[in-house]
Amino acid sequence: MKRILIVDDEPHMTHVLKLYLQRAGYDVETVPNGEVALASVLKAAPDAMVTDIQMPVMTGKDLCLSIEAQYPQRKFPIYVMTSMTDREHRDWTQKIDNLKFLEKPLSMRALTQALAAHFSTINADTLNTDGGVAHG
Amino acid sequence: MANPIFEQIDFKRVHRWLNRAIGAEIDFMVFDKDGNAVWDNANKHASEIGQVIAKTGNPLQGMHRHDLSANKTALYQSLGFIGDGCIGWVAVIVDYFKKNDAPVKIDQIAEVLDDVVAGIFDEYKHKADLEMMTDELGARYEELHLVYAVDSHVQAHSGENAQVFQSLLQSTTEHLNVDVVAFVRPSKDVCQYATNLSQEIHNLDLVLIETRGDLYRFIQASSETIVMNAEDDPRRAYIFTDMPYKVIGCPVLTDGKVDALVVLLNHQNKPDFTNSDRKLAEVLANQLSSLSNTYQLLESMHEFNQQLARTLIEAVEAKDPYTRGHSERVHHLSMEIGKAMGLPPEELEDLHWGSLLHDVGKIGIPDAVLCKPSRLTKDEYTFIMVHPERSYEILRHVKHLDKAILGARHHQEMYDGKGYPHGLKGERIPLHGRIIAVADTYDSITSSRAYRAGRSHEVAMKEIERVAGTQLDPAIVEIFKKMVAVEPEWLKHFNIKREKLAA
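These protein sequence lines are chains V and E, in that order. Per my numbering, residue 1 is the first one in the first sequence, and the count goes up by one each step. Per my numbering, residue 1 is the first one in the second sequence, and the count goes up by one each step.
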C-alpha cells in the first residue's frame, strides 16, 4: 500500500485529504507541521507528500527546503497546496524538482488523478527496466 | 468491506473500562450489523456469537442471551440505530463457574453494558457525522475548485469568447475524466465540444447531432439533469437510440427556460457517472450559462454599436452619393495597415471606430459645397477644412470613442505640418490619423467623385509615393506598399481600376 504523508495544521483539510485518500486505497499519515513531517521523512520516506505552506513551528517552504538539503536522494513527489491567486511561491518552488502545485480550494479528483498517474508511471518504469534486464 | 468508523474507536480501552466496572476480567466482543467481528479480546466464541447475531435479524432494544455451553452464556445487545440501520452489536461472555471469581450478577452486567453501548454509540455517531461532513466538505471544495477554475479561464482569455469556452470544456474533460464534454444550444446552432477520449468514437459528429434532438427535447421538457449509466436504461428507447454511451445531460437555463445543454459522455468501460459528477456538471452548466448570457449581451451591444455607426455613415453618404462606400473602404484599408503594423487589440478597436467614422463631420458641410462638380472657391474650401473638427464635435459625446476620435480628428493633418485642423507635424500627428490619411488618400484617388472618374491603383500608388514624407508618413507608406505588393483580396473586392500591364 502506498503511503502518503499529509502536512497541514488545519483539521478541515487533513480530514478531507485523509478520508478521500484512504478511500482511494492509500495509507495516510497526517502531521501538523513541517518539523514533525521532516522527522517522519528522515525516518522513513513516504511514497508522496502533500503539504500546506502556512503552518506553525515549520512552514511548508522551510520543510521543502530542508528536505532538499537533508535528503537529496528524494524520489517521492511533493505536492504543495496553495491558493489560486497566490503567486509568490512560484519562485522558490521552481528550484525544486518533482514538486507540483495543488490549487486551493482543493480538488480531490485532481489529486487522486495525479497520484494515480504518478504511481502508474513508476510501475511502467519498473516494468521497462525489468524487461530491459531480461532482454539484456 | 470493513467499517472504517469502527477502526477509529479504541475498543481496547472500552474493554478495560468494562473490566473495571464489573470488577472482573470478562470476554468482550464488538460486531458489525451483519455479525462480523470488529474487535474481540482473542476469545474463541466470537464467530459463533457472530452467527447468532447474523440470524437475529431486526434487533430489539435490550439484552439478548445465547447459551454457549452448560456454564457459559453470551449476552449481546444492539449498539443502536442511525437512520434505518443498526450500526452493530456488542457481546460479553458470562462464566458462572469460574473458580476464582465470584459469580457476577446478570443485572449488574446489563446495566454496565447499557453504559458501554451508549458510549460507543455516541462516539460512533460523532465519527459518522464527522465523516459525513468531511465528505460533504470535500465535495464543496471540488465544486469551488471548478468555479475558481472557470473564473481563471475567463480572466486568462478575456475578450476571446470562443477560446474561453473551448479551454473550459477541454479542462473539464480532463478534470472530470470524461470522454466528451459538449455545450449545445440548438436555437443558435451552437455545438461546442472537447474530447479526452479513452477510446475512439467513430461517429462523434453523429453523436453530437443526436444530442440536439431527443436528448435536448427530453431535458427541455423535464428541466432536470438526466443521468443514464446502464445500457438497458429504458429511457434509451427514445434518447440516444443505438448509442451505448454513459450520459449526463444538464439543462442550461436562461430566464427560467431551458435553452442549452451541457452533455457529458463516457464509454461503457468507464465507471458509472456518480452523484458528484452530476453535481459538478450542474455547476459547470450554471457557469457556462452565465458566461454565454454575458457573451450574448456583449454581442448584441456590439451589434447595436455597429448599427448606430452604420446609421451615422448613411447620414453622411446620403448627402453625397459619390462618397458611397468611402467610409467602409477607408475603414477596411486602415484596419489592414493597423494589423500589418501589429497594433494591439485595444488600439485596433479604436482604429476601427476612428476610421469608420472619420468623415462624419461632413454632415456639417453645405450640400452646395460638398457636391459641387467644379473647382471650389477659397471660402468653399474652408467649409471642407472644418469637417475633421466637426467629426470630433459630433463624436466626443460618446465616451467609448474617446481615443478613436483622435484618428478621425487628425486624418487631414500632413506629415510636413501643412494640413488641418491643427497643422500638426510628423510624429505629433496621432498615429491613427496618419494611418487613416494613407487609406483616405488611396481611396480618394481610386474612387469616382462628382467632378471626375476614379483612377487606377497604379496612379494612386505613384501619387502616394510622391507625397510620402510631405503629406503622408513615409513609414506607413512603406507598410502600405508591402501590403499591396501581394495583391490583396480587397483590390478585386473594391473593384479598383488597374493599368493594363505590358504583355
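Each residue gets a CB set at the ideal place from its N, CA and C atoms; glycine is no exception.
Proximity winner among the options, relative to residue i (alpha-carbon distances)
| i | options | result |
| --- | --- | --- |
| residue 190 of chain E | E:214, E:162 and E:198 | E:162 |
| residue 358 of chain E | E:303, E:264, E:8 and E:330 | E:330 |
| residue 243 of chain E | E:85, E:206 and E:68 | E:206 |
| residue 21 of chain V | E:17, E:134 and E:74 | E:134 |
| residue 68 of chain V | V:88, V:44 and V:97 | V:97 |
| residue 309 of chain E | E:373, E:342, E:75 and E:394 | E:394 |
| residue 452 of chain E | E:489, E:463 and E:373 | E:373 |
| residue 94 of chain E | E:66, E:119 and E:428 | E:66 |
| residue 400 of chain E | E:390, E:352, E:182 and E:446 | E:352 |
| residue 173 of chain E | E:263, E:113 and E:255 | E:263 |
| residue 32 of chain E | E:49, E:25 and E:492 | E:49 |
| residue 228 of chain E | E:237, E:220 and E:221 | E:237 |
| residue 361 of chain E | E:410, E:139 and E:168 | E:410 |
| residue 544 of chain E | E:389, E:459 and E:420 | Only positions 1 to 503 of chain E appear in the structure, and residue 544 of chain E is not among them; the question remains open. |
| residue 102 of chain V | V:55, V:37, V:83 and V:38 | V:83 |
| residue 120 of chain V | V:57, V:47, V:18 and V:39 | V:47 |
| residue 197 of chain E | E:71, E:274, E:9 and E:265 | E:265 |
| residue 47 of chain E | E:18, E:417, E:30 and E:293 | E:30 |
| residue 332 of chain E | E:442, E:381, E:170 and E:466 | E:442 |
| residue 216 of chain E | E:489, E:142, E:493 and E:251 | E:251 |
| residue 144 of chain E | E:281, E:292 and E:390 | E:281 |
| residue 27 of chain V | V:2, V:73, V:66 and V:19 | V:2 |
| residue 55 of chain E | E:89, E:131 and E:391 | E:89 |
| residue 167 of chain E | E:156, E:469 and E:225 | E:156 |
| residue 72 of chain E | E:477, E:464 and E:44 | E:44 |
| residue 220 of chain E | E:254, E:354 and E:292 | E:254 |
Paired residues, beta bridge with residue i - DSSP
| i | result |
| --- | --- |
| residue 50 of chain V | V:6 and V:79 |
| residue 103 of chain V | V:82 |
| residue 17 of chain E | According to DSSP, residue 17 of chain E bridges with nothing at all. |
| residue 327 of chain E | None; residue 327 of chain E has no bridge partner. |
| residue 61 of chain E | DSSP output for residue 61 of chain E lists no bridge partner at all. |
| residue 73 of chain E | E:67 and E:94 |
| residue 29 of chain E | E:40 and E:91 |
| residue 81 of chain E | E:86 |
| residue 506 of chain E | Outside the displayed span of chain E (1 to 503) sits residue 506 of chain E, for which this structure offers no information. |
| residue 472 of chain E | E:468 |
| residue 449 of chain E | E:452 |
Chain B contact residues for residue i, given Cβ-Cβ distances below 8 Å
| i | result |
| --- | --- |
| residue 110 of chain V | Structure shown: chain B not included; protein chains present are V and E. |
Distance cut-off 8 Å: residue i Cβ against heavy atoms of the ligand ATP
| i | result |
| --- | --- |
| residue 91 of chain E | The model depicted lacks the ligand ATP and carries no ligand whatsoever. |
Quiz prompt | Interfacial residues, the stretch 321-355 of chain E to chain V, with Cβ spacing under 9 Å | solution = none
Self-check item: the stretch 300-311 of chain E in contact with the stretch 250-260 of chain E per 3-pair CB rule at 8 Å
Solution: no
Quiz item: Mind listing which residues of the stretch 19-30 of chain V have their C-beta closer than 9 Å to chain E's C-betas, in chain order?
Solution: 19, 20, 22 and 23
Exercise. Would you check if the stretch 210-220 of chain E and the stretch 194-202 of chain E touch, i.e. whether three or more CB-CB distances between them fall below 8 Å?
Key: no
Practice problem: Evaluate contact between the stretch 37-55 of chain E and the stretch 124-135 of chain E, counting only Cβ atoms and requiring at least three cross-stretch pairs below 8 Å. | Solution: no
Self-check item: 4 or more residues per run - each alpha helix (DSSP H) lying fully within the stretch 159-185 of chain E
Solution: 161-175
Exercise. Would you mind listing the alpha helix (DSSP H) stretches within the stretch 6-35 of chain V that are 4+ residues and don't spill past its ends, in chain order?
Key: 11-23
Quiz item: Does the stretch 278-287 of chain E come close enough to the stretch 309-326 of chain E that 3 or more CB-CB pairs lie under 8 Å?
Solution: no
Exercise. Could you tell me which uninterrupted beta strand (DSSP E) segments, each at least 3 residues in length, are contained entirely in the stretch 247-296 of chain E, listed from first to last along the chain?
Key: 257-266
Quiz prompt | Members of the stretch 113-128 of chain E that neighbour chain V once the beta carbon cut-off is set at 7 Å | solution = none
Quiz item: Given a limit of 9 Å on CB to CB distance, which residues of the stretch 94-121 of chain V reach chain E?
Solution: 103, 104, 105, 106, 107, 108, 109, 110 and 113
Quiz prompt | Uninterrupted alpha helix (DSSP H) stretches inside the stretch 357-383 of chain E (no shorter than 4 residues) | solution = 367-370
Practice problem: Please list the residues of the stretch 228-250 of chain E that have a C-beta atom closer than 8 Å to any C-beta atom in chain V, keeping them in chain order. | Solution: none
Exercise. Answer yes if the stretch 402-422 of chain E comes into contact with the stretch 364-374 of chain E, meaning at least three C-beta pairs across the two stretches below 8 Å, and no otherwise.
Key: no
Self-check item: Residues of the stretch 253-281 of chain E whose Cβ lies closer than 9 Å to any Cβ of chain V, in chain order
Solution: 276 and 280
Quiz item: Which residues, in order along the stretch 394-416 of chain E, keep a beta-carbon less than 7 Å from a beta-carbon of chain V?
Solution: none
Self-check item: Segment contact flag, the stretch 88-107 of chain V with the stretch 1-8 of chain V, C-beta cutoff 8 Å, min 3 pairs
Solution: no
Quiz item: When you check each C-beta in the stretch 5-18 of chain V against every C-beta of chain E, which residues fall closer than 7 Å?
Solution: 12, 15 and 16
Practice problem: Taking 8 Å as the threshold, find out whether the stretch 71-78 of chain E comes into contact with the stretch 110-119 of chain V through three or more Cβ pairs. | Solution: no
Quiz item: For the stretch 189-248 of chain E, which segments carrying the alpha helix (DSSP H) assignment without a break, of at least 4 residues, lie completely within its bounds, in sequence order?
Solution: 204-210 and 216-222
Exercise. Jot down the residue ranges of each uninterrupted beta strand (DSSP E) in the stretch 85-152 of chain E, minimum 3 residues, whole runs only, in chain order.
Key: 88-95
Exercise. Please confirm if the stretch 142-152 of chain E is in contact with the stretch 179-187 of chain E, defined as three or more CB-CB distances below 8 Å between the two stretches.
Key: no
Quiz item: Relative to chain V, which residues along the stretch 176-189 of chain E have a C-beta separation below 8 Å, given in chain order?
Solution: 176 and 177
Self-check item: contact_flag[the stretch 330-344 of chain E, the stretch 436-443 of chain E] where n(CB pairs < 8 Å) is 3 or more
Solution: yes
Quiz item: Are the stretch 26-39 of chain V and the stretch 73-83 of chain V touching by the rule of at least three beta carbon pairs closer than 8 Å?
Solution: no
Quiz item: Which runs of the beta strand (DSSP E) spanning at least 3 residues fall entirely within the stretch 303-348 of chain E, listed in chain order?
Solution: none
Quiz item: Taking contact to mean at least 3 C-beta pairs separated by less than 8 Å, is the stretch 103-121 of chain E in contact with the stretch 13-29 of chain E?
Solution: yes
Quiz prompt | Against chain V: residues of the stretch 433-444 of chain E by CB proximity under 7 Å | solution = none
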